[in-house]
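Read the structure below first, then the notes.
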Amino acid sequence: ILNVEQSPQSLHVQEGDSTNFTCSFPSSNFYALHWYRWETAKSPEALFVMTLNGDEKKKGRISATLNTKEGYSYLYIKGSQPEDSATYLCAAANQAGTALIFGKGTTLSVSS
Amino acid sequence: DAGITQSPRHKVTETGTPVTLRCHQTENHRYMYWYRQDPGHGLRLIHYSYGVKDTDKGEVSDGYSVSRSKTEDFLLTLESATSSQTSVYFCAISEEGGSPLHFGNGTRLTVT
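So the protein sequences, as listed, match chains X and P. Residue numbers for the first sequence follow our numbering, beginning at 1 and rising by one. Residue numbers for the second sequence follow our numbering, beginning at 113 and rising by one.
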């Protein structure tokens with residue numbers, strides 16, 4: 001079973017601040033890395049699926065990068081807004097791509 | 113939501129009783145997953161399925177069994193419920209291995 005770790009566990013920023021989180025995963029036998037956003041009282045929603053080393057993906061003010069050789073991914077949020085408050089999960093797929101193992105998440109709180 | 117229905121949404125049961133949770137999808141996706149969500153643990157994979165009658169264990173499979181007799185339904189059974197199985201259970205589906213997961217709304221199970 002893969003070991004996926006996220007840091008920090010929680011983060012509190014002011015509106016307008018930019019922030020980033022880290023996800024680390026085993027670099028051997030890499031298949032795919034996912035990012036999800038999970039708002040309170042809702043279900044997780046996919047942000048990005050990344051497969052190639054050096055991949056960068058962007059969705060509005062949120063972007064992510066991937067380094068498969070060293071086993072980490074960064075999620076960036078530019079100009080945080082209160083509606084960005086959520087838990088951000090990363091998940092790594094096993095070698096076959098069949099099982100997705102999640103990290104414990106980073107909980108972001110944005111104050112206005 | 114991507115055509116995923118979990119039932120029941122809430123259940124209270126007694127220790128030692130069997131419990132079955134149902135996940136039903138209308139997307140004809142090949143992969144289906146059961147996760148549990150607990151404070152401090154994020155989402156942990158219980159079992160997953162990569163096709164009809166094809167299932168495999170996840171991170172925390174002890175005390176759980178699954179069945180998938182048709183594409184649209186994935187059942188999770190707690191053979192003899194214990195208080196440690198009190199949790200929120202999420203079903204998820206994906207089209208292919210490595211595709212983003214789409215989650216159901218969750219089932220809150222309380223074992224007294």
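Even glycine gets a Cβ: it sits at the ideal position worked out from N, Cα and C.
Asked	Found
How big is the Cα-Cα spacing for X:Tyr72 and X:Leu66?	6 Å
Using the DSSP secondary-structure output, state which residues sit across from X:Leu11 in a beta bridge.	X:Leu108
Starting from P:His153, find everything on chain X with Cβ-Cβ shorter than 9 Å and list it in chain order.	Lys104
Measuring straight from C-alpha to C-alpha, what distance separates X:Gly103 and P:Phe186?	24 Å
Which residue wins for smallest C-alpha separation from X:Ser28, given the options X:Tyr76, X:Ala92 and X:Thr22?	X:Ala92
For P:Leu157, which residues of its own chain have a beta-carbon under 8 Å away from its beta-carbon, when the five flanking residues on both sides are left out?	Tyr145, Trp146, Tyr147, Gly170, Glu171 and Val172
Would X:Ala99 pass as a contact of X:Trp38 if the rule is Cβ separation under 9 Å?	no
Given a limit of 7 Å on CB to CB distance, which residues of the stretch 85–104 of chain X reach chain P?	Leu89, Ala93, Ala96, Gly97, Thr98, Ala99, Leu100, Ile101, Phe102, Gly103 and Lys104
With a threshold of 9 Å between beta carbons, is X:Ala32 in contact with chain P?	yes
Restricting to Cα atoms, I'd like to know which of P:Leu155, P:Tyr176 and P:Ile116 is closest to P:Arg138.	Residue identity check: residue 138 of chain P is Thr in the sequence provided, not Arg. Taking only the C-alpha atoms, the option nearest P:Thr138 is P:Ile116.
So which residues of chain X does P:Gly163 contact, with C-beta pairs closer than 8 Å?	What P:Gly163 touches in chain X: nothing, since even the nearest Cβ is about 10 Å away.
Quick check: is the beta carbon of P:Asp168 nearer than 9 Å to any beta carbon in chain X?	yes
Let me confirm a value: P:Pro151 is counted as buried when at least 16 other C-beta atoms fall within 10 Å, else exposed. Which label applies?	exposed
Measuring alpha carbon to alpha carbon, tell me which residue in X:Asn53, X:Ala32 and X:Arg61 is nearest X:Asp17.	X:Arg61
Which residue's Cα is closest to the Cα of P:Ser177: P:Glu191, P:Glu184 and P:Thr222?	P:Glu191
Since I believe P:Gly154 is in contact with X:Leu89 (beta carbons under 8 Å), could you give me their beta-carbon distance rounded to a whole number of angstroms?	7 Å
Whole angstroms is fine: what's the gap from X:Glu83's alpha carbon to X:Val110's?	8 Å
Is the Cβ of X:Pro44 closer than 9 Å to any Cβ of chain P?	yes
From P:Ser211, P:Val200, P:Asp168 and P:Tyr160, pick the residue whose C-alpha is nearest to that of P:Thr222; which is it?	P:Val200
Mark X:Ile77 as exposed unless 16 or more other C-beta atoms lie within 10 angstroms of its C-beta, in which case mark it buried.	buried
For a contact defined as C-beta to C-beta under 9 Å, what are the partners of X:Ile62 on chain P?	Those within 9 Å of X:Ile62 in chain P number zero; the least Cβ separation is about 15 Å.
Does the Cβ of P:Ser181 have 16 or more other Cβ atoms within 10 Å, making it buried, or fewer, making it exposed?	exposed
Span of the beta strand (DSSP E) holding P:His159?	Gly154 to Gly163
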